[in-house]
Structures are given as C-alpha cells and as structure tokens.
Amino acid sequence: MTDIDRHHLRLLEALLFASAELLSERVLANRLPEGADLDGLLTALQSDYAARGVNLVKAGKSWAFRTAPELVQQLNIEVDVPRKLSRAAVETLAIVAYHQPVTRAEIEEVRGVSLSRGTLDVLFEAGWIKPRGRRRTPGRPMNWGTTDAFLDHFGIADVNDLPGMEDLKAAGLLDSGVAISAYRGTDDGGAEPLDPDSGDGDRF
Amino acid sequence: MTDIDRHHLRLLEALLFASAELLSERVLANRLPEGADLDGLLTALQSDYAARGVNLVKAGKSWAFRTAPELVQQLNIEVDVPRKLSRAAVETLAIVAYHQPVTRAEIEEVRGVSLSRGTLDVLFEAGWIKPRGRRRTPGRPMNWGTTDAFLDHFGIADVNDLPGMEDLKAAGLLDSGVAISAYRGTDDGGAEPLDPDSGDGDRF
Amino acid sequence: MAESKSFAGEDDFEAPSSDGAFIVDLEGYEGPIDVLLTLAREKKIDITQISILPLAEQYLAFIADVRRRDLKLAADYLVMAAWLTYLKSRLLLPDLGSAEEPTGKEMAAALAFQLQRLEVMQNAGQQLMARHRLGHDFFTRGAPEQFSSVTSSVYEVSLFELLRVYGEQRRRAAGGVLHIKALELYTVENALKRLQTLLGSTPDWESLWQFLPEGLEKGIVGRSALASTLAAGLELAREGKLEIRQTSLFGPIYLRHRDVGAAARSVKRESDEA
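As they're listed, the protein sequences go chains A, B and C. Residue numbers for the first sequence follow this note's numbering, so the first one is 13 and each next one is one higher. Residue numbers for the second sequence follow this note's numbering, so the first one is 13 and each next one is one higher. Residue numbers for the third sequence follow this note's numbering, so the first one is 270 and each next one is one higher.
Encoded structure:
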C-alpha cells in the first residue's frame, strides 16, 4: 500500500467513523480525492476492522461503522425497545425483500389477501422500503423495494445475502409460479351460494 | 496480550464508539467486566488508533474517539446540526415535484395560501429546484422544476417514478373517501391542468 | 434515525391450540391461505405432496363452523371455500380430458405452490425479526461529526416525509371539493321535485328526456340525471301520479300525467313542507 493509499484510507476511515448514518459509495467517492480506489480501500478497511469491537459493514451500496453484534450482552448500552410490527407488516417486509421489485398486487397475491391500509406505509415510514419506479405493464403499477437502511438495520450486506435467498430462488418459490388465480376463470361458482367472482376477481 | 484482554479491548472500543459523550474512566471501569486493566487497555487502544483516521483522545479523566485533527480541515467538518425544512417548504417542494413545470402562482393556488418570501429561495439554495424557463402566458411567469440533486437526495431515478395519487392512497399516505372522481374514467377528458397524474394514464 | 424506528419481531403469532381443537377466531389469521397453512401445520398435512384433499375438507369444515357461529366472514374466505369445493370436485371426479377445465392435479399443485410460497415468506419474516438489529444488538456512532456536503443537502427530509406532506396537502385541498363533487350527481330527490313540477304542465305523453334538467354535461352526471329521473318516474307511477310507457326493448320511455289534482296537491304539500 502506497503512502497515498494510506492517506486515502485514513480519510475514508474518518469519513465513515464520523457518521452515524450510512454513507453511499457515491457520496464517499465524491468526498475522496480523485483517483482514490474506493473499492480497494473499503475492502482494506473492512478487513482492518474485522476482528475489532467496531466493524465496517456494508448495506447494499452503502457503508457504515457499527459495533460488533456479538458484544451486545456485555455492552450494557441502553437499547431502544423496538415498536412491535404487525404480523401483516412482517410478512409484507419479507415479501418485498425477497421478491423485489414487487408491486402491491403481487404482495397481495402471495399473501392471498388484500393489504390493509397502513401496512406498506409503516414500512415506508421506517425507511425500510421505498418506491422503485413503475412496472412497464398495463396500469404501470408502482414497484417497491428495500432500502440500504433496511439492510443496515438487519445487518445484511446485500439483498442476495438474505437468509435462504439462493435456496428459495432455486426452488422456484420466488417466481410468480402458477398460483390458484390461474384456475379462477373456469369457476362456475355452482357450489357455493356466493358468487366467487364477486368483488375483485384478481384477488388470488 | 491475552484473549481476555483482547476481548476487553473490543468491549472498550465498542463502548467508546457508541457513546454520545466523553466517557469518564470511572464509567468505563464500571462498564467493563471486573478485573479488566482499564489503564493498560486505554493505552493499547490509543496506540492502535494513533496513526489512523480516527484517534482516541483524552480530555481530563475522560475519553472519546475523534477524527484526526489534520484530517478535519480536509474533510470540512462542521458541527452544524442538519436543519429541518419548514412544512411550507416541504409542501412547496412536493408541489413542484408533482406539478412541474409550475409557476409561483400555481403553487399558491394548489396550497391555497400565498407563498411567503424565501420559501422558493430556500429550496433553490438547497439545490432542489431550479427555474425552468418562462411560461408563455401574460406576465411570462417563471416556471420551476426539480433538479437532479433532488432526485439524488430522495433516491428517485426519475420524476415519473414518484408515486401517483392511487399509490399514495394505497400506501395510506392519502386518505380520502373516493367520491365521484373514482367513477370518472369514461367521461373525464377535462383533466384539471394541475392534476399531477395527468399524463400517465394509470389512475383508473 | 434507524434505531428510533425499529420494530420488534412478532414472535407470538397466534397459533391454534395444540390439543387439536381449532379455535375459531379469524382475528388471528391473515386471510384464507394463512388459515389453510395453519390447518396444514396443525394436521401435519404435507402441502408439497398432493394430499390437498383432506386439507380442503378441513377448510370447508372450518368455514362451515364459522358460519354456524354466525361470525362475519370476509368475502375472501368464501371465495376460497368456493374454489376448494370446485377443487374437490375436480379431484374426486375422473379426469374428463377436457382442455377447457384444469385437472384436479393442476389445481392442487397451484394451491400447494401458493401455500409453500406463503409459508416460506412467513418464516423469512420471522427470521428477519430474530436477527441482530441496529439499535438493539449493534450500534451506530454515538457522537457523529458532521461533514459539510457529505450528504447533498443540509436539510433533513425523507421521501416518506415529502410524500406524506403532499398527501396531506392534497387531502386538505380535496376536503371540500369531494363534498361538492358528490353533489354534482343528480339525486332522485331532485328528480322527484323537478318531475312533479313539470308534470302539471304536460298532460300528453312526453319523452323522459324532456324532463331532464337543462345544460347537463355529458358523462356520469348526465347519466345520473337520467337514472334518477327514471327512478323518480317509477316512484311517482307507483304512487299513481303518472303513467310510464315503453313500447319496445330499449325504446324511448314516455311519461304522462295521470291525475292533475293529485299532482298539484303533492307539489303544494312539498312547498308547504319546505
């Protein structure tokens, strides 16, 4: 490592150490002198701190120093009592995380029930999910995805590192697959007094 | 250094990192497991960080991590606490984002109150809005629109990716009893000029 | 910011009683698929295999039980019941080989897929909540130092805040308008008044169109006026105050006054009351 690199490393370290918030790679690149090898510096810094009480963690395209999770029991730091997330919100968060980008209608299809008002917005307010542009399909529905703050909060470096992601993908459980909605059209509804197609036909 | 010492060092490091204030030696001694050699640990930690971007500094009988002084200048560190944008400014910003290009008079019309001096200035200085030419109407009023810095700050790829009215409603951000507007589909034609969603036909 | 907005995991998901007696309480469920999933777990029914039939029966029994107790049931649950009934019939009847209708096997596979997908997501959600969490298990820098222009602005506003404020602003702006807009629709009360007033001066058959208010815009408001006027006409006909005639299907509708005296009295009473 050259002296210049070492100097860049110190600058990067100071930047990250001073911030409580995540810093995106774009912001870091802007702050470092031109020609600094950000990727290399981040990797070096991360390994410098790997065994320390404070670690450099990655969350998507952002980075931050965080205390090492395994120390928590002995730190006696006052912790927040997390607000309780509703079951619907937990499920929705998981669906957004694993299926992103995902539309509201798709979330509803996976859960098999319509999303009540406030479920998405509580996650949005927490800064865990955000709009991710529109789908290029009829109706141009809004896509939702998770944020770097979500990854940071749960200590995940990258969306692909979500637990079980690989397996779920391989098992085809993250595809839209053939859901029962595919077999709704033929339903003649003779069995039940209630017309199964009353209301939104695209529930399932 | 023994493993126990190393563990104590990590705890000390995490404590100092996570603390909002200087930590006195007395507090540190209380927080560390019994038998920890505080003086030795502090000396070791200080020397670990001596050449880094962040230093462990002592003030009287208290300790804290601080950015290395020679880097402070290069990094342009300010003690400023980020300011809150006034509600009027946030509202104005949102209106510019959704209705752009939009004139001052139109913003006032949407908000229903006149815009106080300085509201547009604040947004302009923050780099979020900019003039977008003049309207070809009497008085040739100035049009305003959002900037790329605006998109950056809010993490949006394109202005058209802002959630539409239906999305806001679905996310619980806009509740309203949908009245006649919900049934307008077939006969509107006369979209209001300030309708943020005019243009993308994804509303109904 | 992140630590003040953190949430606890929901580790106490409502579970059915372990002794096998299914407690009918829809509050605990997140829709029909969730009920099916709970039933499958409860009865150790393998959803990946095609042992869907007993599951369908369980669900139908569950729904019947809920309905027997006269609990209000969301349409979703009934839709699922109808679907499962259909699935049952497809599973029990021999495959007719018709391309039109899905085989029971296909339907069961689709259901199994959906159950499995939801189960996986429910587990993933719980796993997420059980992770080390920022502000709870690990921490940010306690004494951050601020860099100028590290972030692109000195102002703190989140996208959520921006959208929430805009939503509120629109709602405020729309508050009165919605009310006024609702009144744009031509009400049956209006039509009744208008019809009663006009009928006195029209002893001969007149087209329904003649009774519509003038200067109506096209579209929904116009249609509402037409519908309201027809409804008002039917109401008055029921009261014996006018006659309605339509000679052919979709043909024009004509109204005629029936009893001049009665109509006049009615108009008078109306104005007395007003």
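We put the CB at the ideal spot given by N, CA and C, even for glycine. From a predicted model like this one, the values you see are computed outputs, not experimental measurements.
For I168/A and E118/A, I'd like the C-alpha separation in whole angstroms. Counting from one through the first sequence, the residue named residue 168/A turns up at place 156. Counting from one through the first sequence, the residue named residue 118/A turns up at place 106. Distance between the alpha carbons of I168/A and E118/A: 24 Å.
Would you please state the rounded distance, in angstroms, between the beta carbons of G65/A and L83/A? I believe it to be under 8 Å. For the purposes of this step, residue 65/A is taken as residue 53 along the first sequence, with counting starting at 1. For the purposes of this step, residue 83/A is taken as residue 71 along the first sequence, with counting starting at 1. Right, the Cβ-Cβ distance comes to about 6 Å (below 8 Å), so this counts as a contact.
Cα-Cα separation between R18/B and V93/A, rounded to whole angstroms: In the second sequence, the residue the question calls residue 18/B occupies position 6. In the first sequence, the residue the question calls residue 93/A occupies position 81. Their Cα atoms are separated by approximately 30 Å.
Looking at chain B, which residues of the region 425-436 of chain C have a Cβ within less than 9 Å of any of its Cβ atoms? Correct list: E425, V426, S427, L428, F429, E430, L431, L432, R433, V434, Y435, G436.
Using a beta-carbon distance cut-off of less than 9 Å, what residues from the region 92-110 of chain A approach chain C? D92, V93, P94, R95, K96, L97, S98, R99, A100, A101, V102, E103, T104, L105, A106, I107, A109, Y110
When you compare the CB positions of G156/A and V114/A, do they come within less than 8 Å of one another, or not? Here residue 156/A corresponds to residue number 144 of the first sequence, with the count starting at 1. Here residue 114/A corresponds to residue number 102 of the first sequence, with the count starting at 1. The sequence shown places Trp at residue 156/A, not Gly. Yes, these two residues count as a Cβ contact at 8 Å.
Just confirm the distance between the C-beta atoms of A63/B and L35/B, as a whole number of angstroms; I'd bet it's less than 8 Å. Residue numbering aside, residue 63/B sits at position 51 when the second sequence is read from its first letter. Residue numbering aside, residue 35/B sits at position 23 when the second sequence is read from its first letter. Between L35/B and A63/B the Cβ distance is about 23 Å, and since that is not below 8 Å, they are no contact.
Straight-line CA distance for D15/A to R22/B? If you number the first sequence from 1, residue 15/A lands on position 3. If you number the second sequence from 1, residue 22/B lands on position 10. Each residue's Cα considered, the two are about 28 Å apart.
So, does the CB of I168/A fall closer than 8 Å to a CB anywhere in chain B? Start at 1 with the first residue of the first sequence, and residue 168/A comes out as number 156. I168/A does not count as touching chain B.
Check the Cβ-Cβ distances between L180/B and every residue of chain C, and say whether any is below 8 Å. What you label residue 180/B is simply residue 168 of the second sequence in a count that begins at 1. Taking Cβ atoms only, chain C reaches closer than 8 Å to L180/B, which makes this a yes.
Could you tell me the distance, in whole angstroms, from the CA atom of K374/C to the CA atom of L360/C? Counted from its first residue, the third sequence places residue 374/C at position 105. Counted from its first residue, the third sequence places residue 360/C at position 91. The straight-line gap from Cα to Cα measures roughly 7 Å.
Taking buried to mean at least 16 other C-beta atoms within 10 Å of its own C-beta, is R441/C buried or exposed? For the purposes of this step, residue 441/C is taken as the residue at position 172 of the third sequence. The residue in question, R441/C, is exposed, as its Cβ has fewer than 16 Cβ neighbours within 10 Å.
Taking 8 Å as the CB-CB limit, is T10/A close to chain C? Any question about residue 10/A goes unanswered here, given that chain A covers just 13 to 216.
Taking Cβ-Cβ distances shorter than 7 Å, what residues in chain B pair up with A183/A? As a first step, residue 183/A must be located in the first sequence, where it is residue number 171. Result: empty, since nearest Cβ-Cβ is about 30 Å, beyond 7 Å.
Selected residue, minimal CA-CA separation from P45/A, among A56/A, L27/A, T55/A: Counting from one through the first sequence, the residue named residue 45/A turns up at place 33. The shortest C-alpha separation from P45/A is found at L27/A.
Within 10 angstroms of its Cβ, does F519/C collect 16 or more other Cβ (buried), or is it exposed? For the purposes of this step, residue 519/C is identified with residue 250 of the third sequence, where counting begins at 1. It counts as exposed.
Mind listing the chain A neighbours of T307/C? Cutoff is C-beta to C-beta under 7 Å, in chain order. The sequence position of residue 307/C within the third sequence is 38, counting from 1. For a Cβ distance threshold of 7 Å, nothing in chain A lies close to T307/C: the least Cβ distance comes to about 12 Å.
Between the C-alpha atoms of E475/C and G124/B, what's the straight-line distance to the nearest angstrom? Here residue 475/C corresponds to residue number 206 of the third sequence, with the count starting at 1. Here residue 124/B corresponds to residue number 112 of the second sequence, with the count starting at 1. Near 47 Å, if we compare the C-alpha coordinates of G124/B and E475/C.
L481/C vs L495/C beta-carbon contact at 8 Å: To locate residue 481/C, count along the third sequence from 1; it is residue 212. To locate residue 495/C, count along the third sequence from 1; it is residue 226. Contact: yes.
Taking R95/B as the reference, which of D315/C, S427/C, R527/C, H526/C has the closest Cα? Stepping through the second sequence from its first residue, residue 95/B is reached at position 83. Of D315/C, S427/C, R527/C, H526/C, the residue nearest in Cα terms is S427/C.
Cβ pair I314/C, L324/C closer than 8 Å: Translated into the one-based positions of the third sequence, residue 314/C becomes position 45. Translated into the one-based positions of the third sequence, residue 324/C becomes position 55. Cβ atoms of I314/C and L324/C: closer than 8 Å.
Which residues in the same chain have their Cβ closer than 8 Å to the Cβ of A109/B, if we skip the five residues on either side of it in sequence? In the second sequence, the residue the question calls residue 109/B occupies position 97. So the qualifying residues of the chain are T158, F162, V171, L174.
When the distance is taken between beta carbons, is L384/C closer than 8 Å to L306/C? Here residue 306/C refers to the residue found at position 37 of the third sequence. Here residue 384/C refers to the residue found at position 115 of the third sequence. The answer is yes: Cβ separation under 8 Å.
Counting only beta-carbon atoms, is E137/A nearer than 8 Å to chain C? Here residue 137/A refers to the residue found at position 125 when the first sequence is read from its first residue. It does; some Cβ of chain C falls within 8 Å.
Extent of the continuous alpha helix (DSSP H) to which F166/A belongs: As a first step, residue 166/A is located in the first sequence; it is residue number 154 there, counting from the start. Taken as a continuous stretch (DSSP letters only), F166/A belongs to no alpha helix (DSSP H), as it is neither H nor E.
How about E25/A: is its C-beta nearer than 8 Å to some C-beta of chain B? As a working note, residue 25/A is residue 13 in the first sequence. At least one chain B Cβ lies under 8 Å of E25/A.
Paired residues, beta bridge with I141/A - DSSP: Your numbering for residue 141/A matches position 129 in the first sequence. For I141/A, which the question treats as bridged, DSSP gives the partners T158/A.
Distance check for N42/B and Y435/C, CA to CA, integer angstroms please. Mapped onto the third sequence, residue 435/C falls at position 166. Mapped onto the second sequence, residue 42/B falls at position 30. Rounded to whole angstroms, Y435/C to N42/B spans 49 Å at the Cα level.
8 Å is my cut-off, CB to CB: does G300/C come that close to chain A? One-based indexing of the third sequence puts residue 300/C at position 31. The beta carbon of G300/C sits closer than 8 Å to some beta carbon of chain A.
Limits of the unbroken alpha helix (DSSP H) element including A80/A: Counted from its first residue, the first sequence places residue 80/A at position 68. Counting along the chain, A80/A falls outside any alpha helix (DSSP H), and DSSP gives it neither H nor E.
Since I believe F136/A is in contact with F429/C (beta carbons under 8 Å), could you give me their beta-carbon distance rounded to a whole number of angstroms? In the third sequence, the residue the question calls residue 429/C occupies position 160. In the first sequence, the residue the question calls residue 136/A occupies position 124. The Cβ separation is near 5 Å, so the contact holds.
Same chain only: Cβ atoms within 8 Å of L11/A, ignoring 5 sequence neighbours per side: Only positions 13 to 216 of chain A appear in the structure, and residue 11/A is not among them; the question remains open.
Cβ-based contacts, 7 Å cut-off: residues of the region 33-67 of chain A near chain B: R64, G65, V66
Please return the same chain residues whose Cβ sits closer than 7 Å to the Cβ of K304/C, not counting the five positions on each side in sequence. Your numbering for residue 304/C matches position 35 in the third sequence. In the sequence as presented, Lys is not what sits at residue 304/C; that position holds Val. Y298, Y328, F331.
For chain C, is any of its Cβ atoms less than 8 Å away from the one on V69/B? By 1-based counting over the second sequence, the position of residue 69/B is 57. It does not: the Cβ of V69/B has no partner Cβ on chain C nearer than 8 Å.
Chain-ordered chain A contacts of G394/C [CB-CB under 7 Å]: For the purposes of this step, residue 394/C is taken as the residue at position 125 of the third sequence. Neighbours of G394/C on chain A, chain order: V102, E103, L105, A106.
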